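**Student:** Take this structure first; my questions come after.
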Amino acid sequence: MKRILNISTFLLFCCITALFAVPRAEYPRPQFERASWVNLNGEWTCSFDFGGSGMERGFYKSKGFDKKITVPFCPESKLSGIGYTDFINHFWYQRSISIPQEWDGKNILLNFGAVYYKSEVYIDGVLANRHFGGTSSFSVDITDFVKPGQTHSLVVYVESDVRGAKQPAGKQNLQYESYACNYTRTTGIWQTVWMEAVHSEGVQSVQILTDIDQQQIVVRPRFYKELGGKFQVILKDNGKVVASQTVTACSLSSVVLPVRKMKTWSPENPFLYDLEYKVLDKNGIVVDEVKAYAGMRRVHIEGNKVFLNNQPYYQRLVLDQGFYPDGIWTAPSDAALKRDIILSMEAGFNGARLHQKVFEERFYYWADKLGYLTWGEASSWGMDCNDVETARNFITEWCEIVQRDRNHPSLLIWTPTNEQFWPDRVQYPRMMNDLYNLTKMIDPTRPFHGTSGGVHIATDIWTIHNYEQNPAELKKQLYNDGKLFVTPKWEIQLMPKNIGFNGLKYTDQYRFLEYKKDMPYLVDEFGGIKWNPVQQMESAQNTSWGYGEPPRSLEEFYARLKGQVDVVLSLSNDIWGYCYTQLTDVEQEQNGIYYYDRTPKFDMKRIHAIFSKTPESKN
């Protein structure tokens with residue numbers, strides 16, 4: 010009887026623990042991690058504000074709203090506890106925050122992984138800061154608004170107008186119901202919220218430059234304040250210190266660490282060095298300490314090939330949109346992020362183009378750990394790239410994205426926009442040139458790819474999208490008498506839509522780039538073969554959607570898939586990589602290798618045999 014009671018008590022404890030467990034409890038920024046932090050995920054109060062009158066009604070001073078929501082899941086998602094999928098233009102969050110007493114004397118930072126789209130942060134009814142951009146991380150210094158040992162009311166107000174063409178929507182649907190390749194929207198907080206305490210002389214950010222040719226790591230720090238202290242960087246190989254250097258804690262200082270017996274990072278051997286950053290004050294006392302890591306690798310371009318670690322490297326990528334049935338843009342768990350990468354690798358891919366969404370840093374962490382190549386992309390569909398205000402907001406957000414993710418070894422190429430087919434000849438070239446130059450200033454270590462499969466302006470690689478389903482015809486289109494396929498540029502008048510169409514006629518003469526075989530050429534969208542055995546013969550686009558006519562049998566599917574991939578591989582003298590559409594089904598778009606719930610649709614041994622082939626092994 011006693012044993013039964015003990016078991017019952019244990020099970021009850023487990024249930025209570027699970028009930029009150031903090032969702033997404035892991036540290037959200039593993040490449041720049043501090044020990045002193047507080048996760049603010051979990052239950053918040055919230056309120057819809059359909060009339061946009063919340064400010065007039067004093068919502069910013071709220072001590073609690075009438076509804077509850079689970080952060081970091083958006084109100085459209087099931088995991089949020091709300092599941093409201095209509096348009097949400099105004100939304101309010103509230104929760105109490107308690108400031109640890111031991112944080113007295115330090116700067117207190119309130120960090121947001123991402124909040125879509127415009128956000129305002131209030132502490133006890135006082136505006137602390139606002140942010141524009143729905144996918145970039147940001148931090149708010151709330152030191153002047155809070156007191157250690159006390160509790161305060163935190164209110165976050167969000168605005169979103171995905172149909173206004175002033176903000177990027179990505180693959181969020183601009184109509185009420187999802188259709189074709191447009192899906193359920195995401196509003197408000199959709200990544201982890203957390204607080205941390207930082208010394209006033211602490212390190213604000215770090216740029217890591219891995220120089221494999223000179224066998225060294227260069228660390229460029231930036232500090233909140235420079236008060237004459239020291240900055241120490243320690244490099245470890247499996248826990249053993251292999252290099253260390255201390256310099257003046259100044260943003261002009263660079264720390265150069267030799268890496269003897271260097272181990273490079275690659276998909277075949279994703280070795281990571283551990284890094285420690287320490288800030289010492291004038292008295293030699295450590296006032297800030299950050300844990301990080303780095304992978305020694307180099308990516309560059311020679312001729313029409315992409316090189317990894319000074320060797321030509323063929324990229325076999327898959328389109329990953331990062332949608333989840335229960336969390337939409339937010340993975341239900343850290344394990345789910347890791348699982349998506351493993352599933353992709355089991356299908357034979359060596360990386361992914363992270364499509365129309367800025368993935369959370371934990372995804373890049375797992376990509377770094379597992380040896381998985383990525384392309385960093387922003388949400389760009391839905392915005393009018395020819396509008397000056399829109400471009401200004403997008404450029405700012407893009408700079409924040411590049412600065413956040415530039416140290417991840419798995420990230421090979423920057424891609425800010427997708428499928429810009431109808432650009433004007435004044436503002437669009439201006440925006441793309443600004444993006445190119447600013448990206449190179451923030452991160453000179455990676456190729457820049459201005460618009461995937463669209464009209465190229467300033468770019469280091471050339472990409473095209475082609476969803477021709479017949480392999481023979483696909484080859485003819487891609488390489489017609491030695492002439493490679495070029496994305497068309499249409500001069501027709503269209504209203505802005507959620508597919509990169511901008512809607513302005515040409516207003517001035519501008520000579521767009523043409524491909525001259527002087528840079529890598531990649532097919533970074535193809536395939537998209539629809540397969541849903543239940544709805545395979547249905548024609549309704551809102552129930553089952555994919556590219557072209559669906560195969561009539563599984564064997565026909567395998568034959569078409571193999572034929573398409575073999576076509577691209579056969580042209581490796583001119584085409585140096587591909588990206589297949591797509592990893593998983595997403596809602597009604599059912600052309601994934603896996604179903605939306607991540608279960609396999611096919612014989613994965615046969616799928617792996619197709620996608621693991623390289624140009625040398627195509628036969």
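Residue numbering for the sequence shown follows my numbering, starting at 10 and increasing by one per position. The C-beta atom is built at its ideal place from N, Cα and C for all residues, glycine as well. None of the values given here were measured: they were computed from a predicted structure.
For the beta strand (DSSP E) containing Lys314, list its first residue and its last residue.
**Tutor:** Its beta strand (DSSP E) spans residues 314-317.
**Student:** In chain order, which continuous runs of the alpha helix (DSSP H) of length 4 or greater are located wholly inside the region 375-458?
**Tutor:** Whole alpha helix (DSSP H) segments, 4+ residues: 397-414, 436-451.
**Student:** Express the C-alpha separation of Trp274 and Ser263 in angstroms, rounding to a whole number.
**Tutor:** Their Cα atoms are separated by approximately 23 Å.
**Student:** Going by DSSP in three states, Thr152 sits in which element: helix, strand or coil?
**Tutor:** The answer is helix: DSSP assigns Thr152 an H, G or I state.
**Student:** Does the pairing of the region 386-404 with the region 216-227 give three or more beta-carbon distances under 8 Å?
**Tutor:** Flag = no, the region 386-404 and the region 216-227 do not touch.
**Student:** Where do the N-terminal and C-terminal ends of the beta strand (DSSP E) with Lys3 fall, by residue?
**Tutor:** Since the first residue shown for the chain is 10 and the last is 628, residue 3 is missing from the structure and cannot be characterised.
**Student:** Quickly, what does DSSP pair Ser253 with across the bridge? List them, please.
**Tutor:** Note: Ser253 sits in a beta bridge opposite Ile243.
**Student:** Under 7 Å Cβ to Cβ from His458, same chain only, skipping five residues before and after it: list those, please.
**Tutor:** Answer for His458: Ile422, Trp423, Thr424, Thr468, Asp469, Ile470, Thr472, listed in chain order.
**Student:** Do the region 45-58 and the region 351-363 make contact, defined as three or more Cβ pairs closer than 8 Å?
**Tutor:** Result no; under three Cβ-Cβ pairs closer than 8 Å.
**Student:** Check Ser353 in the structure and name its three-state DSSP category.
**Tutor:** Three-state DSSP puts Ser353 in a helix.
**Student:** Spatial neighbours of Tyr589 within its chain, please: C-beta separation below 6 Å, excluding the five flanking residues on both sides.
**Tutor:** The answer, listed in chain order, is Val327, Gly536.
**Student:** By Cβ distance, which residues of its chain are closer than 7 Å to Arg38, with the 5 residues on each side in sequence left out?
**Tutor:** Correct list, in chain order: Glu370.
**Student:** Per the DSSP calculation, Tyr286 is bridged to which residue(s)?
**Tutor:** Val242, Val299, per the DSSP bridge assignment.
**Student:** Going by DSSP, name the residue or residues bridged to Asn116.
**Tutor:** For Asn116, which the question treats as bridged, DSSP gives the partners Val207.
**Student:** Do you know how far the Cα of His417 is from the Cα of Asn507?
**Tutor:** Any reading at Asn507 needs caution, since the residue's pLDDT is 42, under 50, leaving its predicted position unreliable; the model's value is listed next. So the alpha carbons of these two residues sit roughly 30 Å apart.
**Student:** Which class does Gly197 belong to by DSSP, given the choice of helix, strand or coil?
**Tutor:** Strand.
**Student:** Any beta-carbon of chain D closer than 9 Å to the one on Leu592?
**Tutor:** Looking for chain D here will not work: only one protein chain is present.
**Student:** In the DSSP assignment, find the alpha helix (DSSP H) that holds Ser162 and state where it starts and stops.
**Tutor:** Run containing Ser162: none in the alpha helix (DSSP H); it sits in the beta strand (DSSP E), 160-168.
**Student:** According to the neighbour-count rule (16 or more other Cβ atoms, all chains shown, within 10 Å of its Cβ), is Glu523 buried or exposed?
**Tutor:** Counting Cβ neighbours within 10 Å, Glu523 comes out exposed, since fewer than 16 surround it.
**Student:** Can you check which of these residues, Ala137, Pro84, Asp329, is closest to Gly92 by C-alpha distance?
**Tutor:** Answer by Cα proximity: Pro84.
**Student:** To the nearest whole angstrom, what separates the beta carbons of Ser388 and Val367, a pair I think is in contact under 8 Å?
**Tutor:** Sure, about 7 Å apart at Cβ, within 8 Å.
**Student:** In terms of alpha-carbon separation, which member of Tyr233, Val576, Arg434 lies closest to Gly475?
**Tutor:** Going by the sequence as given, residue 475 is Asn instead of Gly. Nearest C-alpha to Asn475: Val576.
**Student:** Does the ligand MN have even one heavy atom less than 8 Å from the beta-carbon of Gly211?
**Tutor:** No copy of the ligand MN occurs in the structure displayed, which carries no ligand at all.
**Student:** According to the Cβ coordinates, are Ser419 and Pro279 closer than 9 Å?
**Tutor:** The answer is yes: Cβ separation under 9 Å.
**Student:** Please check the pair Val638 and Val227, which I expect to be a contact at CB under 8 Å, by giving their CB distance rounded to whole angstroms.
**Tutor:** Here the chain comprises residues numbered 10 to 628, so residue 638 is not present and cannot be evaluated.
**Student:** Starting from the Cα of Asn336, find the closest Cα among Ala618, Glu35, Tyr605 and give me that residue.
**Tutor:** In the sequence on display, residue 336 carries Gly and not Asn. With distances taken between Cα atoms, Gly336 lies closest to Tyr605.
**Student:** Measuring alpha carbon to alpha carbon, tell me which residue in Leu244, Lys77, Pro177 is nearest Gln103.
**Tutor:** Residue Lys77 is the option with its Cα nearest to Gln103.
**Student:** Going by C-alpha to C-alpha distance, which of Cys394, Tyr373, Val242, Arg455 sits closest to Gly331?
**Tutor:** When each option's Cα is compared against that of Gly331, the closest is Tyr373.
**Student:** When burial is assigned at 16 or more other CB atoms within 10 Å of the CB, is Arg667 buried or exposed?
**Tutor:** Lying outside 10 to 628, the shown extent of the chain, residue 667 is not represented and no answer is given.
**Student:** Using only the alpha-carbon positions, how far apart do Gln365 and Lys614 sit?
**Tutor:** The straight-line gap from Cα to Cα measures roughly 29 Å.
**Student:** From what residue to what residue does the beta strand (DSSP E) around Lys77 run?
**Tutor:** Unbroken beta strand (DSSP E) run through Lys77: 76-80.
**Student:** Could you give the residue range of the alpha helix (DSSP H) that holds Arg569?
**Tutor:** Per DSSP, Arg569 belongs to the alpha helix (DSSP H) from 563-579.
**Student:** Name the one or two DSSP bridge partners that Ser45 has.
**Tutor:** In the DSSP output, where bridge partners are listed per residue, Ser45 has none listed.
**Student:** Take the Cβ of Leu183 as the centre, count every other Cβ of all protein chains shown within 10 Å, and call the residue buried at 16 or more, exposed below.
**Tutor:** With 16 or more other Cβ atoms within 10 Å, it is buried.
**Student:** In chain order, what residues of the same chain have a beta carbon less than 7 Å from the beta carbon of Tyr445, not counting five sequence neighbours either side?
**Tutor:** Correct list, in chain order: Phe457, Gly459, Ala467.
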